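Enquirer:
Chains as they are written, first to last, in the working numbering: chain B, 321 to 435; chain A, 138 to 248.
1) Using only alpha-carbon positions, find the residue among 402(B), 426(B), 340(B) and 358(B) that is nearest to residue 387(B).
2) Alpha carbon to alpha carbon, how far is residue 392(B) from residue 410(B)? Give it in angstroms, no decimals.
3) Give me the chain B residues within the contact set of residue 171(A), using Cβ-Cβ distance strictly less than 8 Å, ordered along the chain.
4) Just list the residues that DSSP pairs residue 395(B) with in beta bridges.
5) Would you call the CB atoms of residue 412(B) and residue 353(B) closer than 7 Å?
6) If you draw a straight line from the C-alpha of residue 168(A) to the C-alpha of residue 397(B), how long is it?
7) So which residues of chain B does residue 238(A) contact, with C-beta pairs closer than 7 Å?
8) Tell whether a beta-carbon distance below 7 Å holds between residue 199(A) and residue 187(A).
9) Residue 223(A) and residue 171(A) - do their beta-carbons sit closer together than 7 Å?
10) Check whether the Cβ atoms of residue 401(B) and residue 329(B) sit closer than 7 Å, and answer yes or no.
11) Just the Cα atoms here: how many angstroms apart are residue 343(B) and residue 159(A)?
12) Report the rounded CA-to-CA distance for residue 433(B) versus residue 156(A), giving the unit in angstroms.
13) Taking a cut of 8 Å between CB atoms, which residues from the stretch 166-190 of chain A lie near chain B?
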């Protein structure tokens, strides 16, 4: 059974550009969450999607957005990139949307460098 | 806001030793707590999930306990091996898969 797949694995952008990251969850999983990991702030929750609806959102500016498709695949977009957006972006999927039972499975991440 | 603290920040032990990693959190209203390991530059690997109604979970050489009322969880690793070297993260869940992560414990097991 394939795990969570994130693409691209590495990318370099310049300030002011935008970026789109993709995440394919484990087959059958309907919930997808996104996290940002930086050396200074650690792992921080961005948002969570379930059945194409954003159910929860972390404390990030509106430049960070996402969506989920009917096949549960998800994308996140960051517009007007800043140097501080350089990070490892991790996607996680879970079988159910229930917060009380969902074990999260993470992908390998997309490492974004903003120059 | 949930604050998660992991002690120690780093730990170096000889192979074969049993060890305990500690995690404390400030808000006891959690749905569950998950322990992960992360290898350098990699994603997170789920180790154990403890539901809020449970006291402990075991998987192989790993045992995790949860005391929700006191805001504490421990991860016990028996007979450590060099392959256990990684950063270990605990993450209580605030609902809708919003996990709050600590800064982790970096474990090095010396052969």
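Glycine included, C-beta positions come from ideal geometry on N, C-alpha and C. Model, not experiment: these values are computed from the prediction.
Expert: In terms of the structure at hand:
1) Taking the first chain and counting its residues from 1, one reaches residue 387(B) at position 67. Residue 340(B) is the option with its Cα nearest to residue 387(B).
2) Residue mapping note: residue 410(B) aligns to position 90 of the first chain, counting from 1. Residue mapping note: residue 392(B) aligns to position 72 of the first chain, counting from 1. If you take the alpha carbons of residue 410(B) and residue 392(B), they lie about 16 Å apart.
3) Stepping through the second chain from its first residue, residue 171(A) is reached at position 34. Near residue 171(A) (Cβ distances below 8 Å), the residues of chain B are 423 and 424.
4) If you number the first chain from 1, residue 395(B) lands on position 75. Paired residue(s): 342(B) and 387(B).
5) Numbered from 1 along the first chain, position 92 holds the residue referred to as residue 412(B). Numbered from 1 along the first chain, position 33 holds the residue referred to as residue 353(B). Yes, these two residues count as a Cβ contact at 7 Å.
6) Numbered from 1 along the second chain, position 31 holds the residue referred to as residue 168(A). Numbered from 1 along the first chain, position 77 holds the residue referred to as residue 397(B). Approximately 29 Å, taken between the alpha carbons.
7) One-based indexing of the second chain puts residue 238(A) at position 101. Those within 7 Å of residue 238(A) in chain B are 362 and 363.
8) Locating residue 199(A) in the second chain gives position 62, counting from the first residue. Locating residue 187(A) in the second chain gives position 50, counting from the first residue. Their beta carbons are not under 7 Å apart, which means residue 199(A) does not touch residue 187(A) by this criterion.
9) Counting from 1 along the second chain, the entry for residue 171(A) is found at position 34. Counting from 1 along the second chain, the entry for residue 223(A) is found at position 86. Cβ atoms of residue 171(A) and residue 223(A): not closer than 7 Å.
10) To locate residue 401(B), count along the first chain from 1; it is residue 81. To locate residue 329(B), count along the first chain from 1; it is residue 9. Against a cut-off of 7 Å, the Cβ pair of residue 329(B) and residue 401(B) comes out as no contact.
11) Sequence index remark: in the first chain, residue 343(B) carries index 23 (1-based). Sequence index remark: in the second chain, residue 159(A) carries index 22 (1-based). Using only the alpha carbons, I get a separation of about 32 Å.
12) In the first chain, residue 433(B) corresponds to position 113, counting from 1. In the second chain, residue 156(A) corresponds to position 19, counting from 1. One C-alpha to the other measures close to 36 Å.
13) 168, 169, 171, 173, 178, 179, 180, 181, 182, 183, 186, 188 and 189
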